[in-house]
Amino acid sequence: MTAAAPIAIFDSGVGGLTVARELRRALANEEIIYLGDTARVPYGPKSAATVKRFGGECVEFLLHFRPKLVIIACNTASATALEDLDQIVDVPLLGVIEPGARAALGASNLRRIGVIGTRATITSGAYPRAVAALDKGATVFSRACPLFVPMVEEGRTKGPVVKAVAQEYLTPLLEQEIDTLILGCTHYPVLKSVMAEVVGAGVTLIDSAETMATAAKELLAARGEGRPESAETPKQHFYVTDVIDEFERVGRIIWPDMTGRIERVEIGRAALR
Ligand code: DGL
94 MTAAAPIAIF DSGVGGLTVA RELRRALANE EIIYLGDTAR VPYGPKSAAT VKRFGGECVE
154 FLLHFRPKLV IIACNTASAT ALEDLDQIVD VPLLGVIEPG ARAALGASNL RRIGVIGTRA
214 TITSGAYPRA VAALDKGATV FSRACPLFVP MVEEGRTKGP VVKAVAQEYL TPLLEQEIDT
274 LILGCTHYPV LKSVMAEVVG AGVTLIDSAE TMATAAKELL AARGEGRPES AETPKQHFYV
334 TDVIDEFERV GRIIWPDMTG RIERVEIGRA ALR
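First residue of the sequence shown: 94, per the numbering used here; consecutive thereafter.
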């Protein structure tokens, strides 16, 4: 694989732009290909079997670009499909779970860690497993927060309604005396300021978009596959499986200065029709 090859990244929809934005910040020279499976979003309420199938189809599409690295930005897909996908892909594949678990342990003194995510992410138990694999003495308290994703997609990123919902979701975790909280969903970094207000200064927030960008940067450096600086601005290309307008509308909430071409594509069985 050449250093000039792109980094491919997929998400169930538009939320993975939090990861793409951090990648762009951390790896300014890299070409980024993003796939948002907007026709089938949300993955969060779906079964693991369905998310695995969708994830397989997303990766299959991205491999056509001969990427040097595939990133699963979606926490739900990382939690349920990473191990299966890893077996069928012959380029490095990074999910958000392990880097998030590692960062949380690095930040936690009490080793009492909260994790929030979609129903599928929380049901999978992927974060507690990843934490236990690194530190058996740490305790993880989990909570599904299904209202956060639609709130972000409706542009509700602060204000009294968001704060009330955050209080309802996070209070039981605070009662467990956590000192670290993993934001285990693509959309949650957008709500970071409200969450910080609710949890207070004693709880460190782990942003899975930031930790993923750091993990990708370290992996490319270790493999000597960082793209050298060039005179041209590196490309960003976005593919979506449903209408472009909606992706752009929500995309601007998440990443206001997002640039690059957006194209609609068919993937999986639909592509064979
Ligand atoms: N991208 C998903 C995640 O990070 C959130 C949206 C969805 O449910 O598909 O878990």
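In this text, a Cβ means the ideal position worked out from N, Cα and C, and glycines have one as well. The structure presented is a predicted model; accordingly, all values stated were derived computationally and were not measured.
So what's isoleucine 271 in DSSP terms, helix, strand or just coil? Stepping through the sequence shown from its first residue, residue 271 is reached at position 178. Isoleucine 271 falls in the coil class under three-state DSSP.
Should valine 134 be listed as close to the ligand DGL, given that the test is whether its C-beta is under 6 Å from any heavy atom? Here the question's residue 134 lines up with position 41 in the sequence shown. Indeed, a heavy atom of the ligand DGL lies less than 6 Å from the Cβ.
Pop quiz: threonine 250 and valine 283 are said to be a contact at Cβ under 8 Å. What is the actual Cβ separation, rounded to whole angstroms? Locating residue 250 in the sequence shown gives position 157, where the first residue counts as 1. Locating residue 283 in the sequence shown gives position 190, where the first residue counts as 1. Taking a contact as a CB-CB distance under 8 Å, the pair threonine 250 and valine 283 counts as one, their CB atoms being some 5 Å apart.
Assign glycine 207 to one of three DSSP states: helix, strand, or coil. Walking along the sequence shown from the start, residue 207 turns up at place 114. Note: glycine 207 maps to strand in three-state DSSP.
Nonlocal neighbours in the same chain, by C-beta distance under 6 Å from asparagine 122, ignoring five residues either side: Position 29 of the sequence shown, counted from the start, is the residue given in the question as residue 122. Arg320, Glu322 and Pro327.
Assign arginine 357 to one of three DSSP states: helix, strand, or coil. Walking along the sequence shown from the start, residue 357 turns up at place 264. Strand at arginine 357.
Nearest-angstrom Cα distance between leucine 187 and isoleucine 164? Translated into the one-based positions of the sequence shown, residue 187 becomes position 94. Translated into the one-based positions of the sequence shown, residue 164 becomes position 71. For leucine 187 and isoleucine 164, the distance between alpha carbons rounds to 5 Å.
For arginine 133, count the other beta carbons within 10 Å of its own beta carbon; 16 or more makes it buried, fewer makes it exposed. Which is it? One-based indexing of the sequence shown puts residue 133 at position 40. Here arginine 133 is buried: its Cβ has 16 or more other Cβ atoms, across all protein chains shown, within 10 Å.
What are the boundary residues of the alpha helix (DSSP H) that alanine 219 is part of? The residue given as residue 219 occupies position 126 in the sequence shown. From DSSP, the alpha helix (DSSP H) with alanine 219 extends over 219–227.
Based on DSSP bridge pairs, tell me the residues matched to tyrosine 281. The count along the sequence shown starts at 1 and reaches residue 281 at position 188. Answer is none; tyrosine 281 lacks a bridge partner.
According to DSSP, arginine 236 sits in a beta bridge with which residue or residues? On the sequence shown, position 143 is the one that residue 236 refers to. Ile209, per the DSSP bridge assignment.
Top-ranked residue by Cα proximity to glycine 218, from Thr307, Gly199 and Glu191: Along the sequence shown, one-based indexing puts residue 218 at 125. Of the listed residues, the one whose Cα sits closest to glycine 218 is Glu191.
Classify aspartate 338: buried if its beta carbon has 16 or more other beta carbons within 10 angstroms, exposed otherwise. Walking along the sequence shown from the start, residue 338 turns up at place 245. Exposed, since its Cβ has fewer than 16 Cβ neighbours within 10 Å.
When the distance is taken between beta carbons, is leucine 178 closer than 7 Å to alanine 306? As a position in the sequence shown, residue 306 is number 213, starting the count at 1. As a position in the sequence shown, residue 178 is number 85, starting the count at 1. For alanine 306 and leucine 178, no; Cβs fall outside 7 Å.
Taking 6 Å as the cut-off, is the CB of aspartate 335 close to at least one heavy atom of the ligand DGL? Along the sequence shown, read from residue 1 onward, the residue named residue 335 stands at position 242. Every heavy atom of the ligand DGL is 6 Å or more from the Cβ of aspartate 335, so no.
So what's glycine 293 in DSSP terms, helix, strand or just coil? Along the sequence shown, read from residue 1 onward, the residue named residue 293 stands at position 200. It is coil, neither helix nor strand.
From the DSSP output, which residues share a beta bridge with aspartate 177? On the sequence shown, position 84 is the one that residue 177 refers to. Beta-bridge pairing links aspartate 177 to no other residue.
Alpha carbon of glutamine 180 to alpha carbon of alanine 170, nearest angstrom: Looking up residue 180 in the sequence shown gives position 87. Looking up residue 170 in the sequence shown gives position 77. Their backbone Cα atoms lie some 15 Å apart in a straight line.
Do you know whose CA, among Thr95, Ala101 and Gly106, lies nearest threonine 334's CA? Residue 334 sits at position 241 when you count from the first residue of the sequence shown. Minimum Cα distance to threonine 334 is reached at Gly106.
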